[in-house]
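To keep things clear, I will list the structure first and then write my remarks on it.
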Amino acid sequence: MTELVRQHLIDPEICIRCNTCEETCPIDAISHDARNYVVNFEICNWCNDCIGPCPTGAIDNYRNVARDRAYSLAEQLTWDTLPAPVSAQETAAGETPAEVSRLTEIAQAGQGGPATPPWSAAHPYINLFSPQQPTFATVSGNHRITAHDAASDIRHIVLDFSSIAFPVLEGQSIGIIPPGTDESGRAHTMRLYSVASPRDGERPGYNNLSLTVKRVTEDHEGRPVRGLCSNYLCDLTKGDRVQVCGPYGTSFLMPNHPGSSLLMICTGTGSAPMRAMTERRRRRLARDEGGRLMLFFGARAAGELPYFGNLTKLPRELIDINLAFSRVPDQPKQYVQDKIRERHEDVFRMLKDENCYIYLCGLKGMERGVDEAFRDICRSHGEDWQTLLPQLKAHSRYHVETY
Ligand code: FAD
Ligand code: A2P
Numbered sequence: 003m004t005e006l007v008r009q010h011l012i013d014p015e016i017c018i019r020c021n022t023c024e025e026t027c028p029i030d031a032i033s034h035d036a037r038n039y040v041v042n043f044e045i046c047n048w049c050n051d052c053i054g055p056c057p058t059g060a061i062d063n064y065r066n067v068a069r070d071r072a073y074s075l076a077e078q079l080t081w082d083t084l085p086a087p088v089s090a091q092e093t094a095a096g097e098t099p100a101e102v103s104r105l106t107e108i109a110q111a112g113q114g115g116p117a118t119p120p121w122s123a124a125h126p127y128i129n130l131f132s133p134q135q136p137t138f139a140t141v142s143g144n145h146r147i148t149a150h151d152a153a154s155d156i157r158h159i160v161l162d163f164s165s166i167a168f169p170v171l172e173g174q175s176i177g178i179i180p181p182g183t184d185e186s187g188r189a190h191t192m193r194l195y196s197v198a199s200p201r202d203g204e205r206p207g208y209n210n211l212s213l214t215v216k217r218v219t220e221d222h223e224g225r226p227v228r229g230l231c232s233n234y235l236c237d238l239t240k241g242d243r244v245q246v247c248g249p250y251g252t253s254f255l256m257p258n259h260p261g262s263s264l265l266m267i268c269t270g271t272g273s274a275p276m277r278a279m280t281e282r283r284r285r286r287l288a289r290d291e292g293g294r295l296m297l298f299f300g301a302r303a304a305g306e307l308p309y310f311g312n313l314t315k316l317p318r319e320l321i322d323i324n325l326a327f328s329r330v331p332d333q334p335k336q337y338v339q340d341k342i343r344e345r346h347e348d349v350f351r352m353l354k355d356e357n358c359y360i361y362l363c364g365l366k367g368m369e370r371g372v373d374e375a376f377r378d379i380c381r382s383h384g385e386d387w388q389t390l391l392p393q394l395k396a397h398s399r400y401h402v403e404t405y
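Heads up: the sequence shown is residues 3 to 405, going by the numbering used here.
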């Protein structure tokens with residue numbers, strides 16, 4: 003008898019090759035070559051961990067297949083588009099109608115679905131412009147936001163969309179395609195950058211948005227490299243035109259209901275979405291909608307912290323700021339998780355507050371330390387983090403975007 007199963011597949015037309023799924027998959031079922039990201043049918047157990055973090059939804063695809071005719075990795079690596087769906091009747095040809103119906107039911111059983119945004123988030127637009135049909139934006143500003151003697155060159159870049167509709171929400175990302183081609187003559191793959199401005203733009207009334215881009219000069223292991231897209235962006239000057247795709251991201255979005263709070267934890271350019279959300283709230287401060295903002299922000303030193311000057315000028319009634327510096331001479335090394343522990347009473351209150359939404363963005367390495375800090379804080383308050391975390395996720399209250 004034919005056994006009909008769901009095969010998890012990635013749509014190569016929508017996939018932006020950001021590697022998020024491969025990094026997220028806990029059992030290494032996802033891999034890639036220079037062309038496609040693919041899911042190994044033999045390994046994938048449909049845990050769905052990869053679905054939420056995928057910024058485009060390309061990962062959220064499947065086909066019903068006969069178990070012994072699942073698409074191989076070699077086949078998937080050649081695809082430019084997903085194969086057309088085959089009906090259960092065709093797949094299970096030769097079975098009785100009752101059997102086909104039963105198989106269809108099994109194959110279409112609920113799989114959990116993608117992570118969802120806060121219930122009061124605005125509806126995001128995604129995939130308005132694909133890598134195949136990008137739009138153009140014009141640079142209307144590019145200035146350094148780390149100190150001039152700082153090791154890291156982080157830039158605040160403003161892109162103007164003129165009369166092109168490019169609606170974004172705080173927490174979404176856009177894709178940038180660096181000009182030129184790779185060694186094999188193919189267009190460079192796009193890179194993702196979080197939007198750093200609120201939905202009404204860097205400057206309200208203008209059709210623009212801003213990005214926070216770090217010039218990559220060394221890889222994650224500290225070896226010297228020249229990051230292609232980040233260097234391209236950091237070197238742009240006013241008037242330059244940039245190829246843009248997106249927007250992307252459907253779950254790392256902010257709540258909009260009065261009384262909702264944000265607990266934001268970031269390092270480096272992970273501050274971009276936090277800036278967008280904070281600025282959204284700052285512009286609406288006069289409405290007095292309640293809810294509090296608490297920020298934990300990690301950097302090597304004050305001069306390395308993007309937007310340091312602006313951050314210190316924010317009204318205290320808007321945001322509770324906690325900075326962790328790791329490389330200040332004669333001071334102990336501090337990470338965001340250390341500051342979180344110091345503020346355990348307030349953090350625990352926010353974790354337990356059903357109107358508080360938690361956001362982590364920045365260095366991948368931070369995830370573990372923050373998780374351990376939350377676990378310890380919960381334990382000291384008689385709560386079990388391993389029980390609380392799935393509840394936070396189920397209520398769309400815990401959002402992570404690390405790269
Ligand atoms: P590449 O030429 O692609 O890589 C060069 C080398 O550097 C490679 O060895 C690579 O492994 C390593 N490398 C890649 N990225 C980094 C990094 N960040 N630090 C150190 N080494 C690196 N970047 C921002 O600056 N601002 C953002 O707001 C931002 N938002 C993002 C949001 C999402 C959802 C994701 C997935 C990524 C985001 N990034 C952001 C990272 C960005 O997409 C690029 O990966 C980054 O700019 C490096 O691209 P590149 O072309 O310069 O380097
Ligand atoms: P460190 O001094 O150990 O590199 P970067 O400047 O590389 O973007 O990093 C931003 C901040 O994040 C730095 O202070 C860095 O400290 C810190 N950091 C590095 N690893 C971790 C980690 N595992 N958890 C939390 N913070 C980290």
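A virtual CB, placed ideally from N, CA and C, is assigned to each residue, including glycine.
- A distance of 8 Å or more separates the beta carbons of Ser132 and Pro57.
- With fewer than 16 other Cβ atoms inside 10 Å of its own Cβ, Leu320 counts as exposed.
- Assigned with DSSP and collapsed to three states, Ser328 falls in coil, not helix or strand.
- Taken through DSSP and simplified to helix, strand or coil, Met192 comes out as coil.
- Contact annotation: Met266 and Leu297 have beta-carbon atoms nearer than 8 Å.
- For Val197 and Thr214, the gap between their C-alpha atoms comes out near 8 Å.
- Counting only residues of its own chain and dropping the five nearest sequence neighbours on each side, Arg19 has a CB closer than 6 Å to the CB of Thr191.
- Annotation note: the stretch 226–264 contains the following uninterrupted alpha helix (DSSP H) runs of length 4 or greater, listed N- to C-terminal: 230–236.
- The beta-carbon separation of Asp13 and Leu84, rounded to 5 Å, stays under the 8 Å limit for a contact.
- In this structure, Val215 has its CB at a distance of at least 7 Å from all heavy atoms of the ligand A2P.
- Within 7 Å of the C-beta of Pro57 there is at least one heavy atom belonging to the ligand FAD.
- Excluding five sequence positions before and after Glu281, the CB atoms of its chain that fall closer than 7 Å to its own CB belong to Ser199 and Pro200, given in chain order.
- Contact between Asn210 and Phe163 holds, since their C-beta atoms are separated by about 7 Å, short of 8 Å.
- One Cα belongs to Met352, the other to Ser263, and the distance between them is close to 8 Å.
- The residues Ile147, Ser273 and Arg277, in chain order, have a CB closer than 7 Å to that of Tyr309 in the same chain once the five nearest residues on each side in sequence are set aside.
- Looking at the DSSP output, Val7 sits in a beta bridge with Val67.
- Three or more beta-carbon pairs separated by less than 8 Å are not found between the stretch 358–377 and the stretch 319–333, which leaves the two stretches without contact.
- The alpha-carbon separation between Glu77 and Val40 amounts to approximately 10 Å.
- Per DSSP, reduced to three states, the secondary structure at Ile379 is helical.
- Gly300 places its beta carbon less than 8 Å from that of Thr269.
- Taking C-alpha positions only, Ser33 is separated from Gly203 by approximately 37 Å.
- For a cut-off of 8 Å, the C-beta gap from Val67 to Ile178 is around 36 Å, too long to register as a contact.
- Apart from sequence neighbours up to five positions away, the residues of its chain that approach Gly261 with a beta-carbon distance below 6 Å are Gly292, Gly293 and Asn357, ordered along the chain.
- With a cut-off of 7 Å, the C-beta of Val160 is classified as distant from the ligand FAD, since no heavy atom of the ligand falls inside that distance.
- At a Cβ-Cβ threshold of 8 Å, Asp378 and Arg345 do not count as neighbours.
- In this structure, the alpha-carbon of Arg225 lies about 42 Å from that of Glu385.
- When secondary structure is reduced to three states using DSSP, Leu316 falls in the coil class, being assigned neither helix nor strand.
- Excluding residues up to 5 positions away in sequence, His190 lie with their Cβ nearer than 7 Å to the Cβ of Gly182 in the same chain.
- In the DSSP assignment, Leu394 falls within the alpha helix (DSSP H) that extends over Trp387 to Ala396.
- Non-local C-beta neighbours of Phe43 in its own chain, meaning closer than 6 Å and more than five positions away in sequence, comprise Gln9 and Ala72, ordered along the chain.
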